[in-house]
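Visitor: Taking my numbering, the leading residue of the sequence shown gets 10, the next gets one more, and so forth. Every residue, glycine too, gets a C-beta built ideally from N, C-alpha and C. First the structure, which I've put down as structure tokens, then a few questions once you've had a look.
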Amino acid sequence: MKDREIRVGVIGVGKIGSHHIRNLAQRISNTRVVAVMDVDQANADAIIAECHGSKSFTSADTLITDPDVDAVVITAPDQTHAELTLACLKANKPVLCEKPLATNVEDAERVFQAETATGHRLVQVGFMRNFDPPHRKVKHAITEGEVGQPLLFRGTHYNTNFGYDRHIDEVIVNSAIHDIHSARWLMDEEISSVYVQSVASDVSKTNTCRFLVIHLTFRNGSLGLIEVNSDSGYGYEVNVEITGELGQIRTTTLSNPIVRRSGNRRQSIETSWLARFDAAYLSEMQSWSQAVATGGFGGPTAWDGYVSLVVANSCKRSFQTGQPETVPIVNRPEFYSHQ
Ligand code: ISE
């Protein structure tokens with residue numbers, strides 16, 4: 010049976026927005042990009058030229074309520090995510106919101122409560138590592154008991170240069186949020202305390218962050234360590250490693266071949282997250298469009314988006330106090346119990 014066609018509207022046409030639009034328009038069979046909105050209309054106009062029959066919008070609300078739009082993808086700047094997702098919920102439309110779900114705990118709470126009030130799942134959060142084949146193999150191995158009870162999560166997240174000194178809050182809420190989510194997902198356990206250490210980009214700018222380390226304790230007593238480098242100096246690389254009672258499992262993610270020549274052995278490393286996570290973004294979008302078509306839902310929830318921000322908030326506090334900080338206990342509502 011042919012899948013129902015899903016007419017998608019995309020809000021925000023930056024790097025990731027364009028990538029999602031191209032996946033939806035060219036690589037996924039049951040989706041059509043019918044509407045695109047960006048504050049810079051020239052951006053929207055440029056990309057709709059690649060999507061047959063798509064309209065350019067200047068207002069996000071008009072796009073969300075347009076009767077020709079079945080579902081929405083939000084890839085606008087982080088600080089707009091919560092309000093836009095709330096608008097989708099009000100219009101009763103399925104939405105894939107890029108991470109983070111919000112930039113603070115209160116807004117994320119409003120989103121998951123609004124979704125709960127609708128009585129059905131409408132929100133998926135763009136924690137695409139759940140769809141990354143190497144991460145999935147690690148998850149599968151853990152679930153199969155291959156390394157026994159997990160004792161330690163280790164996540165390394167090395168970025169290429171952003172071109173500016175990043176504020177600590179941005180490094181935590183925009184980058185480390187992925188690793189916080191991966192830690193919860195792979196360990197299948199909630200984080201109970203965090204301790205942050207960091208190196209500033211410039212000693213005179215104390216709120217900047219070049220390198221971040223987050224020490225984690227989980228509710229069951231296991232441990233974790235997250236490293237986020239804002240500028241690796243060599244490329245983009247993300248890996249996870251789990252040490253369990255019986256052994257250890259680690260992703261191997263470099264996809265380029267190993268070349269031996271002139272007394273050297275080399276392997277090039279991806280330089281952007283779009284290349285490194287290409288398969289993950291595609292699979293995420295396929296899974297989402299399938300879920301929208303069938304009315305089912307999988308993937309990271311608004312609850313995951315909220316809890317990751319609760320942890321991120323404790324990380325921000327730990328940065329300020331220089332001390333380990335307890336993560337408040339939040340209990341998963343029944344609504345999110347079947348993930
Ligand atoms: C960016 O927004 C992403 O989502 C990337 O996956 C992440 O690696 C990067 O640090 C973020 O800034």
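(1) Helix, strand or coil: which one does DSSP assign to M10?
(2) Would you please state the rounded distance, in angstroms, between the beta carbons of I200 and V336? I believe it to be under 8 Å.
(3) Can you tell me where the alpha helix (DSSP H) holding T314 begins and where it ends?
(4) So, with DSSP's three-state summary, where would you put R228?
(5) Please confirm whether T6 and D87 have their CB atoms less than 7 Å apart.
(6) Let's test the definition: count the other Cβ atoms within 10 Å of the Cβ of I15 and tell me whether it reaches 16, buried, or not, exposed.
(7) Quick check for students: name the residue ranges of the alpha helix (DSSP H) that lie wholly in the segment 253 to 291, counting only runs of 4 or more.
(8) Compare the beta carbon distance of G120 and A91 with 7 Å and say whether it is the shorter of the two.
(9) For the alpha helix (DSSP H) containing M196, name the first residue and the last one.
(10) Count the C-beta pairs between the segment 122 to 134 and the segment 93 to 110 that are closer than 8 Å, then say yes if the count reaches three, no if not.
(11) Please classify P76: is it buried, with 16 or more other beta-carbons within 10 angstroms of its beta-carbon, or exposed?
(12) Which residues are close to the ligand ISE, meaning CB closer than 5 Å to any heavy atom, in chain order?
(13) Could you name the residues of the same chain whose beta carbon sits closer than 8 Å to that of K214, not counting the 5 residues immediately before and after it, in chain order?
(14) Tell whether a beta-carbon distance below 7 Å holds between C324 and I235.
(15) Pick helix, strand or coil for H29, following the three-state DSSP scheme.
(16) Do the segment 144 to 159 and the segment 207 to 225 touch if we need at least three Cβ pairs shorter than 8 Å?
(17) Per DSSP, K236 is paired with what?
(18) Cα separation between V19 and N39?
(19) Distance, Cα to Cα, R275 vs Y245?
(20) Looking only at C-alpha atoms, which of S184, E124, V45, K24 sits nearest to T165?
(21) Using DSSP with H/G/I as helix, E/B as strand and the rest coil, what is A179?
(22) Tell me which residues share the same chain as T280 and place their Cβ nearer than 8 Å to its Cβ, disregarding the 5 neighbours each side in the sequence.
(23) Quick check on DSSP: helix, strand or coil for V147?
(24) If you pair each beta-carbon of the segment 93 to 100 with each one of the segment 48 to 68, do three or more pairs fall below 8 Å?
(25) Who does V132 pair with in a DSSP beta bridge?
(26) Where do the N-terminal and C-terminal ends of the alpha helix (DSSP H) with I57 fall, by residue?
(27) Output needed for S277: all residues of its chain with C-beta closer than 7 Å, excluding positions within five of it in sequence on either side, in chain order.
(28) When you compare each of V17, R326, D54 to S207 by their alpha carbons, which one comes out closest?
(29) So is A284 buried or exposed if we call it buried at 16+ other beta carbons inside 10 Å?
(30) Measure how close the beta-carbons of I57 and V45 come, nearest whole angstrom, since I'm counting them as under 8 Å.
(31) Going by Cα to Cα distance, which pick from V301, N322, D211 is closest to D178?
(32) Can you tell which of A51, D47, T152, A55 has its C-alpha closest to the C-alpha of T89?
(33) How is Y345 classed by DSSP in three states: helix, strand or coil?
(34) What would DSSP say about Q122, mapped onto helix, strand or coil?
(35) Going straight from the alpha carbon of A51 to that of V156, what length do you get?
Guide: Reading off the structure:
(1) Counting from one through the sequence shown, the residue named residue 10 turns up at place 1. Confidence in M10 is poor, its pLDDT being 47 and thus under 50, which makes the residue's placement unreliable; the coordinate value appears in the next sentence. It is coil, neither helix nor strand.
(2) If you number the sequence shown from 1, residue 200 lands on position 191. If you number the sequence shown from 1, residue 336 lands on position 327. At roughly 5 Å, the Cβ-Cβ gap stays under 8 Å, so I200 and V336 are in contact.
(3) Counted from its first residue, the sequence shown places residue 314 at position 305. Looking at the sequence provided, one finds Gly at residue 314 rather than Thr. G314 -> alpha helix (DSSP H) spans 311 to 330.
(4) Counted from its first residue, the sequence shown places residue 228 at position 219. Correct three-state label for R228: coil.
(5) For the chain, the structure presents residues 10 to 348; residue 6 sits outside this window and is missing.
(6) Within the sequence shown, residue 15 is the residue found at index 6, counting from 1. With 16 or more Cβ atoms within 10 Å of its Cβ, I15 is classed as buried.
(7) The segment 253 to 291 contains these whole alpha helix (DSSP H) runs: 282 to 285.
(8) By 1-based counting over the sequence shown, the position of residue 120 is 111. By 1-based counting over the sequence shown, the position of residue 91 is 82. Per the sequence shown, residue 120 should be read as Val rather than Gly. Against a cut-off of 7 Å, the Cβ pair of A91 and V120 comes out as a contact.
(9) As a position in the sequence shown, residue 196 is number 187, starting the count at 1. Its alpha helix (DSSP H) spans residues 186 to 196.
(10) Three or more pairs of CB atoms, one per stretch, sit closer than 8 Å, so the segment 122 to 134 contacts the segment 93 to 110.
(11) The sequence position of residue 76 within the sequence shown is 67, counting from 1. P76 is exposed by the Cβ-count criterion.
(12) N168, N183, S184, W282
(13) The count along the sequence shown starts at 1 and reaches residue 214 at position 205. Exclusion of the five residues before and after K214 leaves D174 as the residues of its chain whose Cβ lies within less than 8 Å of its Cβ.
(14) Against the sequence shown, residue 324 aligns to sequence position 315. Against the sequence shown, residue 235 aligns to sequence position 226. Their beta carbons are not under 7 Å apart, which means C324 does not touch I235 by this criterion.
(15) What you label residue 29 is simply residue 20 of the sequence shown in a count that begins at 1. Three-state result, H29: helix.
(16) no
(17) The sequence position of residue 236 within the sequence shown is 227, counting from 1. Lys is not the amino acid found at residue 236; the sequence shown has Glu there. Paired residues: T165, V222.
(18) Within the sequence shown, residue 19 is the residue found at index 10, counting from 1. Within the sequence shown, residue 39 is the residue found at index 30, counting from 1. Taking the straight line joining both Cα atoms gives about 16 Å.
(19) Looking up residue 275 in the sequence shown gives position 266. Looking up residue 245 in the sequence shown gives position 236. Rounded to whole angstroms, R275 to Y245 spans 16 Å at the Cα level.
(20) Here residue 165 is taken as the residue at index 156 of the sequence shown, counted from 1. Nearest C-alpha to T165: S184.
(21) What you label residue 179 is simply residue 170 of the sequence shown in a count that begins at 1. Ala is not the amino acid found at residue 179; the sequence shown has Glu there. Correct three-state label for E179: helix.
(22) Position 271 of the sequence shown holds residue 280. Residues T169, G244, Y245 of the same chain have their beta carbon placed closer than 8 Å to that of T280, with the five preceding and five following residues left out of the count.
(23) For the purposes of this step, residue 147 is taken as the residue at position 138 of the sequence shown. Helix.
(24) No: fewer than three Cβ pairs fall under 8 Å.
(25) For the purposes of this step, residue 132 is identified with residue 123 of the sequence shown, where counting begins at 1. Note: V132 sits in a beta bridge opposite V104.
(26) Numbered from 1 along the sequence shown, position 48 holds the residue referred to as residue 57. Looking at the DSSP string, the run of the alpha helix (DSSP H) that includes I57 is 50 to 57.
(27) Sequence index remark: in the sequence shown, residue 277 carries index 268 (1-based). Here the set comprises N265.
(28) Along the sequence shown, read from residue 1 onward, the residue named residue 207 stands at position 198. Selected option, being the one with the closest Cα: R326.
(29) Here residue 284 refers to the residue found at position 275 of the sequence shown. Residue burial is scored here from C-beta neighbours: A284 has fewer than 16 other C-beta atoms within 10 angstroms and is therefore classed as exposed.
(30) For the purposes of this step, residue 57 is taken as the residue at position 48 of the sequence shown. For the purposes of this step, residue 45 is taken as the residue at position 36 of the sequence shown. I57 to V45, Cβ: 5 Å. Contact.
(31) Here residue 178 refers to the residue found at position 169 of the sequence shown. Cα-wise, what sits closest to D178 is N322.
(32) If you number the sequence shown from 1, residue 89 lands on position 80. The residue with the shortest Cα to Cα distance from T89 is D47.
(33) Position 336 of the sequence shown, counted from the first residue, corresponds to residue 345. In the structure shown, Y345 sits in a helix (DSSP, three-state: H, G or I).
(34) Indexing the sequence shown from 1 puts residue 122 at position 113. DSSP places Q122 in helix when its eight states are reduced to three.
(35) Indexing the sequence shown from 1 puts residue 51 at position 42. Indexing the sequence shown from 1 puts residue 156 at position 147. Taking the straight line from one Cα to the other gives about 51 Å.
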